[in-house]
Every structure is written in structure tokens, then in C-alpha cells.
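**Q** Please find one structure pasted underneath; my questions will follow.
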Amino acid sequence: MAELTRDPIAVDRLLAATARPDCGAVALFLGTTRDHHDGRAVSALAYEAYEPMALEALAALERQAVERFGIATCRIVHRLGAVPLSEASVAVFVAAAHRGPAFDACRWAMDELKRSVPIWKKESYASGGDGWVEGTRLE
Amino acid sequence: MAELTRDPIAVDRLLAATARPDCGAVALFLGTTRDHHDGRAVSALAYEAYEPMALEALAALERQAVERFGIATCRIVHRLGAVPLSEASVAVFVAAAHRGPAFDACRWAMDELKRSVPIWKKESYASGGDGWVEGTRLE
Amino acid sequence: MTITVLLFAQAREGAGCARQTLELPEGSRVSDALAALEHAHPALVALRSHLAVAVDRQLTRPDAPLTQGAELALLPPVSGG
Amino acid sequence: MTITVLLFAQAREGAGCARQTLELPEGSRVSDALAALEHAHPALVALRSHLAVAVDRQLTRPDAPLTQGAELALLPPVSGG
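Chains as they are written, first to last, in my numbering: chain C, 1 to 139; chain W, 1001 to 1139; chain F, 2001 to 2081; chain E, 3001 to 3081.
Okay, here's the thing in C-alpha cells:
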């Protein structure tokens, strides 16, 4: 179940929900907010989304990851609004029988997420000002 | 800091310790105990280790992962003793500036762990009896 | 017909609004809506080549027809993750 | 000389003990210790070709010399993870 949230991502709860007794592998990726980007000090980050379309796109990625890699489950959570530095802005959870497909699916889902989901990131700079992060045109 | 523990792996605490404000990516792999193996129903798992040598080997993997992949941190925790089904027997945490090296390092560390660390897994079968899992000769 | 327009990120900031309704003649296409929006919000012109457009949450080409009540979204290059 | 032997997993179960001390003549090598252990615990013979051996936590070859107080470990194929 794809999820958009304005609260901190509840990694522990979601990991527990991802683990399954028939699976030997859980891969998790967390994208965390960084204090620098392209050489500039970043003081804050915020995300906005076209929420219903983003949710549909994330749910489609979850389904495609299961079909493509033969994994048991894929679950994606993206945070919206202000995200403090070092906190997770996105989490991809994958459970699978074996670790190879778990890693492959987790990585694929993150790569796809960055180019196919209507979410936008804005950085505020320590030196003042802010800017939208250069992105990828939806296709 | 590599760790061997007889308690459940404290994933949340370790994730928090792994995240760094200069890193945008955290990859985590959890090996979880499965309820079947080679077609047999498994009712319980237990691990034993040559503890001081295993700790040295895990610490060496952490250092090598940092050097090989240019990541910020790698932290490996392996559980010993009885591990209930669905719980994590091993966890590899990686933080890096970018996700590619984070995934690569996490996967490499798990692959190496399976063949270079003196830890042994014993399965108990639902149908009775038990057995050591076929492993890899140390070299 | 009346359609709803949703604007995000740079498009929202450039236009100074996140959501507006637009009255268009029957038979209008996506490109007609974009032209009307650029007329109302000249800041959108510079963004045009970067925008993707969705109608009712589906990515759409400029020559796609619009219908009464459609939800048109202007989507700058995405940067989630 | 006296060395300490640690046995793990199948080696521990085959020998029926996890740790024992072994008295060996001066100049003994790893292979001599293994022969003495197999003599005391015949179940170890079947494992021999599968075992790795460490002396003081370093993987070692059978012809390596032993010294007083060494810690010799019998390591069946590993299966962590």
C-alpha cells in the first residue's frame, strides 16, 4: 500500500509489516535529506505532490516491482511538506524469498520513482533563498 | 561497529545511528528467518559463531565496504542463539551520499558475509529432527 | 466548458496560484488550455517546454481533447526521492 | 606444549565437546593436532575435507607450526546470514 505522509516515516512499523515468514530477505532504501547539494549548504527541504496521481504512480511501481522481480511485497512511502535534515523523505521496503531479487527490486523502484512520480523537492539554502531541484520531465 | 547479539536486532536505533546529515542514501538489508528451506518446513533456527573471529571478520567487511565503494558508513549486526521465525538474523546498514554505492556496498557485504565469517546456522524441522545448513568452506 | 487546472511547484509559483477554473469553448484541446493559461500567467511561457500535462491524472499530449469537468494538471520536471 | 582446541557446529557435535586442551610434542604442526583430535573423536574424520582451521583467529594451512598456548579452531563450512 503506497503512502504519502506529512509525519516522519514509521520505519520500524513498516519493516514489521513487510517481513513475512516465507521470505528470507528484506531490502530497505531510505532517501534522507542532505545538508548539501551541488556544493551549496542546504538548511531545509520540502516536498509537494500531485497527491492522487502520485499515489497511483507509487502503487503502480509497487505492482510492477512484484511482477518484474518475483518478489513477495513492495511498499513505498514518500513524505510531503517540510522534512528536517537527516530524516527520511522516501522509503522503499521489499520482502522476497532471496536477497538478489530484493536488492534489484528495491533499486529499480527507487530509480523509477525519481522519474515517474509527480513529486517535487524544494531546497532552502543556508546562504538564503531557495530553489526547486532540477528534475526529470514526466513521460 | 560490528556487533553480535543474542537479542532482537534494534533496527530503528541502528538506522538512526547510521543516518548522517551529509548522506542522502541509507540502504538496509535484513536477512530474516524463513519457515521453509529446500522444500522442508522449518520450525526454528539457531546460530552459533566463533565470536572473536566473527567480530573481526565483520569489522573487516565494514572497513572494506567503505574503502571499495566510497560510502560513509557500513554497520553489520548478526544475531546468535535461537531466532524466532520472521525475525532478523542479520542486518547490514549502509549510509552514502548517493544510492548507487549504498546498494552496491550493502549487497557486497551480504555476499561476503555468507562466505567469510565463522557463523553457522542450524535448522529445526517441523517434521522433527534438525540439521546444519550446507555452507561454504572458509578460504 | 469548465475545467479545473492544478499547478504544481514552479508552475504554481510562476502563476501565483495552485488551482483555478478555466472556461473554454466546446472542442478545446489541451493546447488551447495551455495557451489561455499562458495568457493569464505570462510566467508560464518560460516553463512550457519543461512541463508535462495530465488530464484526469493521465499524462496527455497537447492535441488531446478536453471535456467538461476535466482536471488538467501542469507538472514541472519531477524530483521526488 | 599445550594448545586449546575450539570446535564449532558439526565438529562440536561430532566430537561431543566445544573446547578441549591438547598436549602435543614440541614442533607439532596443525596436521598433528588434527590427527590427535581424529584419534580421540573418530566422528571428525568424515568432516576433515570440509573443515577450515584457524590458529589464533587466523585461517591456517595444515603444515603451519603450533606454539605453546595456541588457540586452534575447527571451522565447518560457514552459513551465516
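Glycine residues also receive a C-beta, built at the ideal position from the N, C-alpha and C atoms.
Go through its chain and collect everything with a Cβ distance to G2069 (chain F)'s Cβ below 8 Å, but skip five positions before and after it.
**A** So the list reads M2001, T2002, I2003, T2004, once near-sequence residues are dropped.
**Q** I'd like the ranges of any alpha helix (DSSP H) spanning at least 4 consecutive residues and lying wholly in the segment 51-105 of chain C.
**A** Entirely contained in the segment 51-105 of chain C, the alpha helix (DSSP H) runs reaching 4 residues are, in chain order, 51-69.
**Q** Counting only C-beta atoms, is Y47 (chain C) closer than 8 Å to chain F at any point?
**A** Yes, contact with chain F.
**Q** Excluding five sequence neighbours on each side, which residues of the same chain lie with their C-beta closer than 6 Å to the C-beta of L1040 (chain W)?
**A** Residue 1040 (chain W) is actually Arg in this sequence, not Leu. Once the five neighbours on either side are set aside, the close Cβ partners of R1040 (chain W) are Y1125.
**Q** For L3074 (chain E), which residues in the same chain have their Cβ closer than 6 Å to its Cβ, ignoring the five residues on either side in sequence?
**A** Result list for L3074 (chain E): L3007, A3011, L3051, in chain order.
**Q** May I ask you to list the residues that DSSP assigns as paired with T1136 (chain W)?
**A** Beta-bridge pairing links T1136 (chain W) to E:V3078.
**Q** DSSP three-state label for D2058 (chain F), please.
**A** Per the sequence shown, residue 2058 (chain F) should be read as Gln rather than Asp. Strand at Q2058 (chain F).
**Q** In whole angstroms, what separates the C-alpha of R2029 (chain F) from that of E62 (chain C)?
**A** Answer to the nearest angstrom: the Cα atoms are 33 Å apart.
**Q** What is the residue span of the beta strand (DSSP E) that V1026 (chain W) lies within?
**A** Counting along the chain, the beta strand (DSSP E) containing V1026 (chain W) begins and ends at 1025-1032.
**Q** Taking the alpha-carbon positions, what's the D22 (chain C) to H1037 (chain W) distance?
**A** Approximately 9 Å between the Cα atoms of the pair.
**Q** Using the Cβ count rule (16 or more neighbours within 10 Å means buried), how would you classify P2040 (chain F)?
**A** The residue asked about is misnamed: residue 2040 (chain F) is Ala in this sequence, not Pro. Exposed, since its Cβ has fewer than 16 Cβ neighbours within 10 Å.
**Q** Which word fits D104 (chain C), buried or exposed, when buried means at least 16 other C-beta atoms lie within 10 angstroms of its C-beta?
**A** The residue is buried, with at least 16 neighbouring Cβ atoms inside 10 Å.
**Q** Name, please, each residue of chain F whose Cβ falls closer than 7 Å to the Cβ of R137 (chain C).
**A** The answer, in chain order, is H2050, A2052, P2077.
**Q** Rounded to a whole number of angstroms, what is the C-alpha to C-alpha distance between R99 (chain C) and D1111 (chain W)?
**A** Near 9 Å, if we compare the C-alpha coordinates of D1111 (chain W) and R99 (chain C).
**Q** In angstroms, rounded to a whole number, what distance separates the CA positions of A1088 (chain W) and P1101 (chain W)?
**A** Using only the alpha carbons, I get a separation of about 23 Å.
**Q** List the residues of chain W whose Cβ lies closer than 8 Å to the Cβ of A25 (chain C), in chain order.
**A** Residues of chain W passing the Cβ test: F1029, L1030, G1031, T1032.
**Q** Report the neighbours of L3006 (chain E) on chain W: residues whose CB is nearer than 8 Å to its CB, in chain order.
**A** Under the 8 Å cutoff, chain W gives Y1050.
**Q** Under a CB-based cut-off of 8 Å, is R40 (chain C) close to chain W?
**A** For R40 (chain C), the answer is no, since every Cβ of chain W falls outside 8 Å of its Cβ.
**Q** What does the alpha-carbon distance come out to for the pair A1140 (chain W) and E3071 (chain E)?
**A** Residue 1140 (chain W) is absent from the model: chain W starts at 1001 and stops at 1139.
**Q** Taking CB distances under 8 Å as the criterion, tell me whether A1019 (chain W) reaches chain C.
**A** Chain C, which has a Cβ nearer than 8 Å to the Cβ of A1019 (chain W), makes this yes.
**Q** Nearest by alpha-carbon distance to R1075 (chain W): which of W:A1059, W:S1127, W:R1107, W:E1067 is it?
**A** Among W:A1059, W:S1127, W:R1107, W:E1067, the Cα nearest to that of R1075 (chain W) belongs to W:A1059.
**Q** Would you tell me roughly how many angstroms separate the C-alpha atoms of L30 (chain C) and A109 (chain C), rounded to the nearest one?
**A** L30 (chain C) and A109 (chain C): Cα-Cα distance of roughly 12 Å.
**Q** Could you tell me whether the Cβ atoms of F12 (chain C) and V1092 (chain W) are closer together than 8 Å?
**A** According to the sequence as given, residue 12 (chain C) is Asp; it is not Phe. No.
**Q** Alpha carbon to alpha carbon, how far is V133 (chain C) from A57 (chain C)?
**A** In a straight line, the C-alpha of V133 (chain C) is about 20 Å away from that of A57 (chain C).
**Q** Counting only beta-carbon separations shorter than 8 Å, does R1068 (chain W) have a partner in chain C?
**A** Judged by the 8 Å Cβ criterion, R1068 (chain W) is not in contact with chain C.
**Q** If you draw a straight line from the alpha carbon of T1136 (chain W) to that of L28 (chain C), how long is it in whole angstroms?
**A** Roughly 27 Å between the two C-alpha positions.
**Q** So what's L1003 (chain W) in DSSP terms, helix, strand or just coil?
**A** According to the sequence as given, residue 1003 (chain W) is Glu; it is not Leu. The answer is strand: DSSP assigns E1003 (chain W) an E or B state.
**Q** Could you name the residues of chain W that R3057 (chain E) contacts, counting a contact when the two beta carbons are closer than 7 Å?
**A** Per Cβ cutoff of 7 Å: P1052, M1053, E1056.
**Q** According to DSSP, is A2070 (chain F) helix, strand or coil?
**A** The answer is coil: DSSP assigns A2070 (chain F) none of H, G, I, E or B.
**Q** Give the C-beta separation of D35 (chain C) and V42 (chain C) to the nearest angstrom, bearing in mind that I take them to be a contact with Cβ-Cβ under 8 Å.
**A** Indeed they touch by this definition, with Cβ atoms about 6 Å apart.
**Q** Looking at the C-beta of L1113 (chain W), does it have a partner C-beta in chain E at a distance below 8 Å?
**A** L1113 (chain W) counts as touching chain E.
**Q** Out of W:R1107, W:G1070, W:A1017, W:V1090, which one is the CA nearest neighbour of E1048 (chain W)?
**A** Considering only alpha carbons, the answer is W:V1090.
**Q** Can you tell which of C:V94, C:R79, C:A54 has its C-alpha closest to the C-alpha of R140 (chain C)?
**A** Given a span of 1 to 139 for chain C in the structure shown, any question on residue 140 (chain C) remains unanswerable.
**Q** Can you check whether the C-beta of H78 (chain C) is within less than 8 Å of a C-beta belonging to chain W?
**A** Output row for H78 (chain C): interface = no.
**Q** Pick helix, strand or coil for D1130 (chain W), following the three-state DSSP scheme.
**A** Correct three-state label for D1130 (chain W): strand.
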